[in-house]
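Single-structure report; data block below.
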Amino acid sequence: MSTNRTFTMIKPDAVANGHIGAIINDITTAGFKIVALKYTKLTAETAGQFYEVHKDRPFYADLVSFMSSGPIVAAILEKDNAVEDFRTLIGATNPAQAAEGTIRQKYAKSIDANAVHGSDSDENAAAEGDFFFTAGERF
Ligand code: RTP
Ligand code: MG
1 MSTNRTFTMI KPDAVANGHI GAIINDITTA GFKIVALKYT KLTAETAGQF YEVHKDRPFY
61 ADLVSFMSSG PIVAAILEKD NAVEDFRTLI GATNPAQAAE GTIRQKYAKS IDANAVHGSD
121 SDENAAAEGD FFFTAGERF
């Protein structure tokens, strides 16, 4: 089952700009089923833990600061080939390079404020889902 799941966050920029509903609509229209869903806010500490894999990258401090700057929506999504198909749906990390019709092309403003997160592997999808959701919060 977990190999057909991915994890996403609607990032603080997209929440602040009023795009929660449109992004969830794009996700479900693309065939993803919502397994878990939560409106919450990361602290600097929890954002730092979530992005620990990037801790030596030059953008880490800005990323942690941005991701803890406002509320986010976290979700676990299910679909065949979920990880790869979801990254296709959201588009390139830099919205200036994101394909027409992708979520980042439509709703993101910059490489930092890029609207959504999508897991990059089945292993990370499972770990990231576990970071936010207990077993009893998945349906
Ligand atoms: P995400 O994890 O958010 O789905 O994005 P991604 O896989 O496309 O990109 P990743 O390499 O995992 O980077 C995580 C987030 O860090 C910011 N970033 N900034 N200034 C930069 O060069 C840079 N590179 C990455 C982005 O906001 C990216 O989503
Ligand atoms: Mg990533």
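The letter at position 24 of the sequence shown is residue 24 when you use full-length UniProt numbering, and the numbering goes up by one with no holes.
Glycine included, C-beta positions come from ideal geometry on N, C-alpha and C.
Is V116 near ligand 1, judged by its Cβ being under 8 Å from some heavy atom?
Yes.
If you scan the UniProt domain "Nucleoside diphosphate kinase-like" (3-137) from start to end, which runs of the beta strand (DSSP E) of 3 or more residues do you find wholly inside it?
5-10, 33-40, 72-78 and 116-118, all fully within the UniProt domain "Nucleoside diphosphate kinase-like" (3-137).
Would you check whether ligand 1 has a heavy atom nearer than 8 Å to the C-beta of R57?
The closest heavy atom of ligand 1 lies less than 8 Å from the beta carbon of R57.
Between the C-alpha atoms of P95 and E137, what's the straight-line distance to the nearest angstrom?
Approximately 32 Å, taken between the alpha carbons.
Cβ-heavy atom distance, Y51 to ligand 1, below 8 Å:
Under cutoff, so the answer is yes.
Assuming L77 contacts T8 under a Cβ cut-off of 8 Å, what Cβ separation, rounded to an integer in Å, is found between them?
About 6 Å separates the CB atoms of L77 and T8; that is less than 8 Å, so the two are in contact.
In angstroms with no decimal places, state the Cα-to-Cα distance between residue 176 and R5.
Look at the range of the chain in this structure, 1 to 139, and you will see that residue 176 is not part of it.
Since A126 and A115 should fall inside the 8 Å C-beta cutoff, what is the C-beta to C-beta distance between them, to a whole number of angstroms?
About 23 Å separates the two Cβ atoms, so there is no contact after all.
Own chain partners of R104 with C-beta closer than 7 Å, once the 5 adjacent residues on each side are dropped:
Here the set comprises I90, G91, A92, P95, A98, N114, A115 and V116.
Alpha carbon to alpha carbon, how far is S68 from A14? Give it in angstroms, no decimals.
S68 has its alpha-carbon roughly 13 Å from the corresponding atom of A14.
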